[in-house]
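There are 2 protein chains.
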Amino acid sequence: MSAALTKESEVDVLIIGAGPAGLMCANALAMAGVNVRIIDQRTAKIAAGQADGIQPRTIEVFQSYGIGERLIREGNQMHMAAFYNPSPSGGIEASYGGTRRTDRAPDVSAPNARYPFEITLHQGAIEAIFLDSMKAHGVVVERPIIPTSLELSKSEEELKDPNARPVKVTLKYLEPPEGQSDSEVVHAKFVLGADGAHSWVRKALGITLDGEQTNYIWGVVDMVPDTDFPDIRCKCAIHSNNGSCMIIPREGDLIRLYIQLSDGDVVDPNTGRVDKSKMGPEKLLQVAKKSFHPFEINRSGEIDWWTLYIIGQRVAAQFSVHERVFIAGDACHTHSPKAGKSGQGMNASMNDTHNLAWKLTHVLRGWADISLLKTYEFERRKYAQDLIDFDKKFSRLFSGKPRTEENQDGVAHEEFLEAFQTFGLFTSGIGVHYEPSPITANQHQSCASNLIVGERVIPHVFVRAADARPYEIQDLLPSDTRFKVLVFAGNTADQEQAARVNALAENMGKPEGFLKRFGKGEHGKVFDILAISSAPKQVTNYTDLPRLFRPHWSKVLLDDTDMYARVGGGGYEAYGIDKQRGAVVVVRPDGYVGVVAPFERVDDVNAYFASFMADV
Amino acid sequence: MSAALTKESEVDVLIIGAGPAGLMCANALAMAGVNVRIIDQRTAKIAAGQADGIQPRTIEVFQSYGIGERLIREGNQMHMAAFYNPSPSGGIEASYGGTRRTDRAPDVSAPNARYPFEITLHQGAIEAIFLDSMKAHGVVVERPIIPTSLELSKSEEELKDPNARPVKVTLKYLEPPEGQSDSEVVHAKFVLGADGAHSWVRKALGITLDGEQTNYIWGVVDMVPDTDFPDIRCKCAIHSNNGSCMIIPREGDLIRLYIQLSDGDVVDPNTGRVDKSKMGPEKLLQVAKKSFHPFEINRSGEIDWWTLYIIGQRVAAQFSVHERVFIAGDACHTHSPKAGKSGQGMNASMNDTHNLAWKLTHVLRGWADISLLKTYEFERRKYAQDLIDFDKKFSRLFSGKPRTEENQDGVAHEEFLEAFQTFGLFTSGIGVHYEPSPITANQHQSCASNLIVGERVIPHVFVRAADARPYEIQDLLPSDTRFKVLVFAGNTADQEQAARVNALAENMGKPEGFLKRFGKGEHGKVFDILAISSAPKQVTNYTDLPRLFRPHWSKVLLDDTDMYARVGGGGYEAYGIDKQRGAVVVVRPDGYVGVVAPFERVDDVNAYFASFMADV
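In order, the protein sequences belong to chains A and B.
Position 486 of the first sequence, counted from 1, bears residue number 486 in full-length UniProt numbering, the numbering being contiguous throughout.
Position 254 of the second sequence, counted from 1, bears residue number 254 in full-length UniProt numbering, the numbering being contiguous throughout.
Right under this line is the structure:
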């Protein structure tokens, strides 16, 4: 009997798959001190290639976990996009739209992106950032290990008890230590399947993918170029009569080329499937050379990585089973890796689990009701579907033939450019908007008209009252599992308003107020308070605010410039908040606005928390 | 005979003393790959207290060695200064100067500081930054070791030969490894004495200190305060009728108090010397409490560190002997540690050796003539003297009694504030100006009228032509021992100017031009070229510049905004350079402008280098 040798163990969260989605989740849970394990079938992390573009919003998310600086330091920044179309003399030339030269455009068109660029970095380097951060919190990826069975309890009672372990997963060690069993049975409170497009977890749960493949076939080549092409360090869309091509500049001198292929190049006529043996990196480069004409492009050194793929857009029918087993990332949505912006899939994947991790933490700690977890599918599946709708449109435009004298049915440059810019908010990740739910309550939106409930907090610089040091407010809203209670205190230099602020503090400090009522006595782990006055720094002391709003001298901010008028000021206006009367803004642990309310409606903030938090 | 056991060794540079001056030098030389050793008499690095304020210019210097981010991350930032004076009702109140409220002022008044604040951090943390950086380059401090004898060769020939080792230093190991001799004789090409105010090296060389002590006696206390004083996180100058006091906020919740003492408090009437046993931290705090009245100040927890000192201002008569043994830092100048700005001494010390290190490297590599080393004393002794003149004035104002109704001879707040602001350029380190010498040639100053020869390069953001990524130009001028040749190419979109640029490249590329003539065949280690066009990014390709000016795609910059018009642009104007015709600017390896010239006078740049570089 090998059963006697099989190890049995318990864990709060088991993550299957250590790609970007799994690692984002594991790191977030590790930082929160949650009991978590993560396994992967690969022997080692990825070294080159694969998805690689980090969107502006994802950079903000990295920053919120304290790993943004490294990402920015190691990656390449894409600030500029360039567009080339067929020239009358044959070959290609930079495109002009109307009277203004528009061959070069901002890569990111979201006006309030904190980081107005995309970062390109190979997936192995991105994974390493997570691995190092997790390691500092005591969590490492266990590998190579695969799951072989997954059973979910059928007991309603167990499924609803956050302390139960209703998921039983059998693991198989592919390289078990000498003398040890190669299997283990894990009893988990929650399981996350982040195991990619061919997800074993998804299949084990019997979840279907909705959507279809397209006929667009593309090749990808990573290499260091030797070229006279002047926009080789821009994201560049080339539409030539010899096919389309996209350049994504990468770290160091590397670039990635996406090269459009015709069926004849790569499809086996007998099977109708892509036959990789019909195409190689040198052949891909030959195809690219034709698009680049009259510019020269050659490789300098070896090809770093290459692949072929067919664009496909599919979304899983559900993202969880009983809010006990979840799937995330490529396991629940596949996109074209490019679609005019590289790495949509990877960004969506990491943001899936950024959305999930704090919810798991709150439920596991007993702070929130288990129903909170329903909002994961609600928020992320809608986003995945929107993304795919966008993807379809964009793929059609990008893969289509360019409009020329001879081909009047082709895609006009203006049409392509407009799509590129219109979708900027979307592709940057900045425009993500979660619809109303228990955790996004927008009934008082008008009191902070630009801090949209369900959207991330707009970056803005405020100065600290005590020392006039400027701070980007996003840096004061870390992903530390706490709700941030931003008390926009209004004009505290005014006697009447100061009295209102004191009354608000008194109200919010009551035992029945959310600050004291929720969090099971661990208020400091669940809520973080910041007070932001609109009064000028010359006349405002941090000691002017009531004690509840300044547990520490660093907690009082001013909507004013720094001492040199270089940054800051205008925050109330940017956020659409009345400078005199202020407002209360609650930011979720993931950086999205949860609820806003005027002072006199702070009871609605109590009701907001009561809708999903657990009473003591 | 123990002589047989005494180890003999050779080294290029021996540094004695691992305080800030010694460590700055050791790190710079380690990064440059120079054969260097550094010894210190202490068993371990400093843990708390001592000097702690980093000036804006010094932050720039740290950044130039790639260690600025850590400094900024770990330190506290002082942005705001506040001033308190006697109030009519007794006690103190925030001071008003004229009609505008000026009780709070910028801490740094240098308008073009890249970092418009000072950083406070205890000396141990500052030293750790250097130690970790050095370690990554294979250099560690050897300790505890003291020098016991120093002999300098009397041979003129040896002294002039950069490859000779004319300095013989005997070292004594205070904790020699078991079974090993406790002494070592080191034969060094160069020796640096960075061994503090009581410098053994200075005494061994017989160098005298000029200057005198003052009668101002101050106490220093580091602690976490418990207070209702609203400006406790500002640099705060308090002039009360009960004595003066200065607050320097520190990392975390720590503050440092500088407390004025009267002779009776601390001077032994018999010896006339400070008797530390007459004063303790609790007594110091009692004195401070009187100055703070009517505000309360108490300690929260223990006193972290404390000391007493008498302000003294002295400068060594010479900074080197035969340019073979140098002294730096406190060994050659002592200041008041405060003087209205904390840590002047430490900043001057680190900038001494920042000035020296690249010169040693160039001489040791054979790139520069040994006479280059004369510029160390020339540049740094003048600065030390200026600093002391300032220090005297400021100490008098700060230690003097405040002017009140009763004391009309006292120091008026307006006078103090004016001095505080007038000296801002000086105290920030930004205003350092090296006078004309072989390495600062200002005959063509007018062609770049704001890039002052002998001053550091004004920070400004330019964008890279190839990818529109914005860069602070200071980050492209690292302290990597290379001279940076900035070719301000002017309006390269203009045919005529493009022709001038091509002609300049042809001229500069000639074998007799400095680029090819100097550097002993290692041009790439001695010169780094950047081209900066004033033409807009929409019409400029990096490929427009001649090959000599773009050895890599990243080397071409534009004086234009980034893609979002957030940063950049106006650089030619800020630097006082003609947008059409450009200029050539040479920046020394330490970030100071060495020479500027119009295109047609590039021969004067050749002459500049010929005056101190060694011919092949």
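A virtual CB, placed ideally from N, CA and C, is assigned to each residue, including glycine.
These figures come from a predicted structure and were not determined experimentally.
- Taking a Cβ-Cβ threshold of 9 Å, the residues of chain A close to B/Asn-541 are Pro-230 and Asp-231, in chain order.
- Rounded to the nearest whole angstrom, the C-alpha separation of A/Lys-555 and B/Ala-21 is 37 Å.
- When DSSP reads this structure, B/Trp-553 sits in no beta bridge, so it has no partner.
- According to the DSSP assignment, A/Ser-149 belongs to the beta strand (DSSP E) that extends over 145-152.
- Under the three-state reduction of DSSP output, A/Ile-327 falls in the strand class.
- For A/Trp-553, the chain B residues whose C-beta falls within less than 7 Å of its own C-beta are Arg-233, listed in chain order.
- At least one CB atom of chain A sits nearer than 8 Å to the CB of B/Asp-467.
- Listed along chain A are Ala-468, Asp-562, Met-563 and Tyr-564, each with a C-beta nearer than 9 Å to that of B/Pro-106.
- Exclusion of the five residues before and after A/Arg-547 leaves Ala-505 as the residues of its chain whose Cβ lies within less than 8 Å of its Cβ.
- Within the stretch 123-154 of chain B, no residue has a Cβ lying closer than 9 Å to any Cβ of chain A.
- When 7 Å is used as the limit between beta carbons, A/Pro-249 is near these residues of chain B: Asp-467, in chain order.
- Where B/Tyr-572 is concerned, the enclosing alpha helix (DSSP H) starts and stops at 571-575.
- Excluding the 5 residues flanking it on each side, B/Pro-478 has same chain C-beta neighbours closer than 8 Å at Ser-64, Tyr-65 and Gly-66, in chain order.
- The Cβ of B/Pro-116 sits closer than 8 Å to at least one Cβ of chain A.
- 8 Å or more divides the Cβ of B/Tyr-434 from the Cβ of B/Thr-427.
- Interface criterion not met: the Cβ of A/Gln-474 is under 8 Å from no Cβ in chain B.
- Between the stretch 74-91 of chain A and the stretch 403-422 of chain A, the count of Cβ pairs shorter than 8 Å is three or higher; the stretches touch.
- Separation of the CB atoms of A/Thr-6 and A/Ser-183 is rounded to 5 Å, and the pair is thereby assigned contact status at 8 Å.
- Where A/Val-526 is concerned, the enclosing alpha helix (DSSP H) starts and stops at 523-526.
- Within chain B, the residues placing a beta-carbon under 7 Å from that of A/His-79 are Asp-467, Ala-468, Arg-469, Asp-562 and Met-563, ordered along the chain.
- The beta carbon of B/Ile-217 sits closer than 6 Å to the beta carbons of Leu-261, Val-266 and Ile-310 from its chain, once the five residues preceding and following it are set aside; these are given in chain order.
- Counting along the chain, the unbroken beta strand (DSSP E) around A/Phe-462 starts and ends at 461-464.
- Secondary-structure assignment with DSSP links B/Val-485 through a beta bridge to B/Ile-529 and B/Val-586.
- Per the DSSP secondary-structure output, B/Val-61 pairs with nothing in a beta bridge.
- If you compare the alpha carbons of B/Val-315, B/Ala-412 and B/Lys-135 with that of B/Glu-377, the shortest gap goes to B/Val-315.
- For B/Lys-579, the three-state secondary structure derived from DSSP is coil.
- A Cβ-Cβ separation of about 11 Å leaves B/Ala-465 out of contact with B/Leu-530 under the 8 Å criterion.
- Here the C-alpha atom of B/Arg-456 lies approximately 51 Å from the C-alpha atom of A/Ala-597.
- B/Arg-250 is positioned such that its CB atom lies closer than 8 Å to that of B/Thr-120.
- Contact annotation: B/Ile-577 and B/Ala-448 have beta-carbon atoms nearer than 8 Å.
- No residue range can be given for A/Met-563, since it is assigned to no beta strand (DSSP E) and is classified by DSSP as neither H nor E.
- The beta carbon of A/Asn-241 sits closer than 6 Å to those of Pro-86, all from its chain and outside the five residues before and after it, given in chain order.
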